[in-house]
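Undergrad: My structure is below; once you've seen it, I'll send some questions.
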Amino acid sequence: MTDEPMMQQVADGVWAYVQPDGGWMVNNMGLIDGADGATSVDVTSTERRTRDYLKAAAGVAAPIRRLVLTHSHPDHCNGASLLGEVEIIAHRTVADDLRQPHPLAPHIFEPFEQGDVRPRPPTVVFDTGVTLTPDSRRIDVRHPGTPAHTQGDSYVWLPEERVLFTGDLVFSGGTPFALSGSPAGWLGALEQMAALRPEVVVPGHGAVGGPELPRARRRLPAVPDRRGPGRA
Ligand SMILES: [Zn+2]
Numbered sequence: 001m002t003d004e005p006m007m008q009q010v011a012d013g014v015w016a017y018v019q020p021d022g023g024w025m026v027n028n029m030g031l032i033d034g035a036d037g038a039t040s041v042d043v044t045s046t047e048r049r050t051r052d053y054l055k056a057a058a059g060v061a062a063p064i065r066r067l068v069l070t071h072s073h074p075d076h077c078n079g080a081s082l083l084g085e086v087e088i089i090a091h092r093t094v095a096d097d098l099r100q101p102h103p104l105a106p107h108i109f110e111p112f113e114q115g116d117v118r119p120r121p122p123t124v125v126f127d128t129g130v131t132l133t134p135d136s137r138r139i140d141v142r143h144p145g146t147p148a149h150t151q152g153d154s155y156v157w158l159p160e161e162r163v164l165f166t167g168d169l170v171f172s173g174g175t176p177f178a179l180s181g182s183p184a185g186w187l188g189a190l191e192q193m194a195a196l197r198p199e200v201v202v203p204g205h206g207a208v209g210g211p212e213l214p215r216a217r218r219r220l221p222a223v224p225d226r227r228g229p230g231r232a
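First residue of the sequence shown: 1, per the UniProt record's numbering; consecutive thereafter.
Right, here's the structure in full:
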């Protein structure tokens, strides 16, 4: 992997914009092209990074008409103000989260050069999921049904192409950050995504992966038995 962000084609008209090294505030985007405009999965943390992404996106796809926010964290939402009048799709709780800063944010988020960008609230919200069908391409946006990385995660699944954009439900080569959600719920979300049997997995941070997701799941430690030790 180079140090420069790259637009990586993962299927016909489908791209992952991967920002090395996938560390703090350095996330990935998805871009799904179509004659009816492109769909972006997330934006970036800063003005500079989002402008770089939009320039790369304009080189391979139609103008962006829809933005799916996989969750409310600033690395995935800050650049939304640079997208113009697009439809913004997210889980219902993302709208609530974007109205107020996370109570832990001042203690855990180091200051960074954000530039002139700000998150924008969703224009379309859902509880369990929504299916988009621009140009008859099917795009499933699903909440795992439980808090996981946050309370309002979405993953984006393209069933025809078998491409899965996980948002921060998957970190590749980095340590997951679970202060806003539920590690136990997260395990369920991983099971749910593994059951889709994706061929390409675009994580929220880090390199694009493949069907090794189920094997990664098996390496996770078991959830402790709530009954505690010494009881049948
Ligand atoms: Zn992130």
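By construction, the Cβ of each residue, glycine as well, lies at the ideal position given by its N, Cα and C atoms.
Model, not experiment: these values are computed from the prediction.
(1) Give me, in chain order, the residues of the same chain whose beta-carbon lies closer than 6 Å to that of Asp225; leave out the 5 immediate sequence neighbours on both sides.
(2) Runs of 4 residues minimum, wholly inside the stretch 22-91: which ones carry the alpha helix (DSSP H) assignment?
(3) Return the first residue and the last residue of the beta strand (DSSP E) that residue 233 is part of.
(4) With a threshold of 7 Å, establish whether the CB of Gly22 neighbours any heavy atom of ligand 3.
(5) Is it a yes or a no for the stretch 48-63 touching the stretch 75-85, going by three-plus beta-carbon pairs under 8 Å?
(6) Could you please give the first and the last residue of the uninterrupted beta strand (DSSP E) stretch that includes Pro203?
(7) Any idea what DSSP makes of Val117, helix, strand or coil?
(8) Quick check: the Cα distance between Phe165 and Asn28, rounded to an integer number of angstroms?
(9) Consider the Cβ of Leu67: report whether some Cβ of chain D lies at a distance smaller than 8 Å.
(10) DSSP on Arg197, reduced to helix/strand/coil?
(11) Once the 5 residues before and after His205 are set aside, which same chain residues still bring their CB inside 6 Å of it?
(12) Tell me whether Asn27 counts as near ligand 1, meaning its Cβ is closer than 7 Å to at least one heavy atom of that ligand.
(13) CA-CA distance, Pro203 and Gly167?
(14) Taking 7 Å as the cut-off, is the beta-carbon of His73 closer than that to any non-hydrogen atom of ligand 1?
(15) On the DSSP bridge assignment, give the partners of Ala16 in chain order.
(16) Excluding the 5 residues preceding and the 5 following Ser72 in the sequence, name in chain order all residues of the same chain whose CB lies nearer than 7 Å to its CB.
(17) Would the beta-carbon of Gly204 be found less than 7 Å away from any heavy atom of ligand 1?
TA: This is what the structure holds:
(1) With a pLDDT of 45 at Asp225, under the threshold of 50, the modelled position of this residue cannot be trusted; read the value that follows with caution. Nothing listed; no residue qualifies.
(2) Listed in chain order, the complete alpha helix (DSSP H) runs (minimum 4 residues) inside the stretch 22-91 are 47-60 and 74-77.
(3) Only positions 1 to 232 of the chain appear in the structure, and residue 233 is not among them; the question remains open.
(4) For the structure depicted, ligand 3 is absent and the ligand set comprises only ligand 1.
(5) By the criterion of at least three beta-carbon pairs nearer than 8 Å, the stretch 48-63 is in contact with the stretch 75-85.
(6) Val200 to His205 is the span of the beta strand (DSSP E), which, as asked, contains Pro203.
(7) Coil, per DSSP.
(8) Distance between the alpha carbons of Phe165 and Asn28: 9 Å.
(9) Structure shown: chain D not included; a single protein chain is present.
(10) Coil at Arg197, not helix or strand.
(11) The residues Gly22, Asn27, Phe171 and Gly174, in chain order, have a CB closer than 6 Å to that of His205 in the same chain once the five nearest residues on each side in sequence are set aside.
(12) Yes.
(13) Cα-Cα distance, rounded: 6 Å.
(14) Yes.
(15) In the DSSP assignment, Ala16 is bridged to Gln8 and Gly30.
(16) Cβ neighbours of Ser72 within its own chain (closer than 7 Å, five residues either side excluded): Val94, Asp97, Leu98, Thr150 and Gly152.
(17) Checking the Cβ of Gly204 against ligand 1 gives yes.
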